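Asks: Numbering (the numbering used here), first residue to last: 79 to 312.
C-beta: ideal position from N, C-alpha, C; glycine also.
The model shown is predicted, which means the values in this text are computed figures rather than measured ones.
One structure coming up, written as structure tokens, with questions to follow.
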Amino acid sequence: MSERPLEAIKRASKAADRAPHLRKKNITPRDPIDVLDTTGIGGAYHHDGPFDATLASRNRDKRYAPVEAVKYGNSEALKATPREHVMDSLQRHVPLQGTATIPPGHSDMSGSIMQYEEGADLMREADAPGGAYKRWDHVNYHPNDLKGKGEPSYTLEEKLKEQGRLRRSTDRAGVYEMQPTARTTGVSDKNNNVHVRERSGSLDSAGPSNAKTKRLSDGIKRRIGSIRRKHDDI
Numbered sequence: 079m080s081e082r083p084l085e086a087i088k089r090a091s092k093a094a095d096r097a098p099h100l101r102k103k104n105i106t107p108r109d110p111i112d113v114l115d116t117t118g119i120g121g122a123y124h125h126d127g128p129f130d131a132t133l134a135s136r137n138r139d140k141r142y143a144p145v146e147a148v149k150y151g152n153s154e155a156l157k158a159t160p161r162e163h164v165m166d167s168l169q170r171h172v173p174l175q176g177t178a179t180i181p182p183g184h185s186d187m188s189g190s191i192m193q194y195e196e197g198a199d200l201m202r203e204a205d206a207p208g209g210a211y212k213r214w215d216h217v218n219y220h221p222n223d224l225k226g227k228g229e230p231s232y233t234l235e236e237k238l239k240e241q242g243r244l245r246r247s248t249d250r251a252g253v254y255e256m257q258p259t260a261r262t263t264g265v266s267d268k269n270n271n272v273h274v275r276e277r278s279g280s281l282d283s284a285g286p287s288n289a290k291t292k293r294l295s296d297g298i299k300r301r302i303g304s305i306r307r308k309h310d311d312i
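Okay, structure coming up:
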């Protein structure tokens with residue numbers, strides 16, 4: 079530790095004031111989020127965010143530019159992405175997708191051959207740079223264990239999932255489902271193993287329209303009956 083900490087603080091503060099992105103000509107203009115914040119003293123100020131690393135004021139010197147640090151990775155990702163997805167991201171302002179979905183040497187949707195170097199699979203390859211994802215030397219892993227759960231946890235969870243699938247399929251067997259058609263009953267669905275019990279014609283005939291027709295016929299019968307009684311009286 080320095081014997082004169084105050085001098086060290088002064089030097090650090092002076093170096094920060096000389097930072098290129100803090101000069102007046104490089105100060106980031108206010109955005110809508112900055113305008114909404116009215117709690118600052120002396121007017122609105124810019125709130126730093128994760129996208130500030132892409133500003134021109136932060137990337138004037140290639141030695142310290144954040145974008146320059148990820149230039150190689152971005153270029154490789156663009157090579158592994160079909161052109162349609164890149165144009166969709168640029169024109170529609172949506173996140174880039176479809177990266178490395180087409181293996182190198184295969185053609186994309188427009189017929190172009192994808193030419194890029196496929197890197198190591200950090201989820202599966204034990205000799206990947208930096209070690210495999212979530213892998214420990216003293217733990218055994220199943221070949222299909224991509225989340226690094228380890229044994230016996232992965233095998234037990236898979237057995238529980240399989241038991242749940244079997245139980246749901248068993249519960250579904252023997253389920254009766256009502257159908258609106260008036261055909262023979264007891265038809266079974268071979269695909270889903272479901273017995274279909276179809277409704278009878280009497281159930282189909284029940285409804286507001288049939289009830290209205292019945293009331294109308296009853297009224298006609300009563301009126302005919304009254305006419306007959308009058309005729310008998312005469």
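1) Which residues mark the beginning and the end of the alpha helix (DSSP H) in which histidine 163 is found?
2) Can you find at least 3 beta carbon pairs, one from the segment 183 to 194 and one from the segment 223 to 234, that sit closer than 8 angstroms?
3) DSSP three-state call for isoleucine 302: helix, strand or coil?
4) Determine the direct distance from the alpha carbon of threonine 248 to that of glutamate 240, and round the result to whole angstroms.
5) Give me, in chain order, the residues of the same chain whose beta-carbon lies closer than 7 angstroms to that of threonine 262; leave out the 5 immediate sequence neighbours on both sides.
6) Short of 8 angstroms in beta carbon distance, which residues of its chain neighbour proline 173, apart from the five on each side in sequence? Order them along the chain.
7) Spatial neighbours of proline 160 within its chain, please: C-beta separation below 7 angstroms, excluding the five flanking residues on both sides.
8) Considering only their Cβ atoms, is the gap separating proline 182 from glutamate 196 smaller than 8 angstroms?
9) How would you call alanine 158, buried or exposed, if buried means at least 16 neighbouring beta carbons within 10 angstroms?
10) By DSSP's criteria, serine 185 is part of a beta bridge. Which residues make up the other side?
Replies: Per the coordinate set shown:
1) As a working note, residue 163 is residue 85 in the sequence shown. Looking at the DSSP string, the run of the alpha helix (DSSP H) that includes histidine 163 is 161 to 170.
2) no
3) Position 224 of the sequence shown, counted from the start, is the residue given in the question as residue 302. Three-state result, isoleucine 302: helix.
4) Locating residue 240 in the sequence shown gives position 162, counting from the first residue. Locating residue 248 in the sequence shown gives position 170, counting from the first residue. Spanning the two alpha carbons is a distance of roughly 12 angstroms.
5) Taking the first residue of the sequence shown as 1, we reach residue 262 at position 184. Because the pLDDT at threonine 262 is just 49, under 50, the model does not fix this residue reliably, and the point stays unresolved.
6) Position 95 of the sequence shown, counted from the start, is the residue given in the question as residue 173. Once the five neighbours on either side are set aside, the close Cβ partners of proline 173 are Ser167.
7) Within the sequence shown, numbered from 1, the residue matching residue 160 stands at position 82. Counting only Cβ-Cβ distances below 7 angstroms, and skipping sequence neighbours, we find Gly176, Ile180, Asp186, Met187.
8) Residue numbering aside, residue 196 sits at position 118 when the sequence shown is read from its first letter. Residue numbering aside, residue 182 sits at position 104 when the sequence shown is read from its first letter. Yes, the pair counts as a contact, with Cβ atoms nearer than the cut-off.
9) Looking up residue 158 in the sequence shown gives position 80. By the 10 Å Cβ count, alanine 158 comes out buried.
10) Numbered from 1 along the sequence shown, position 107 holds the residue referred to as residue 185. Ile191.
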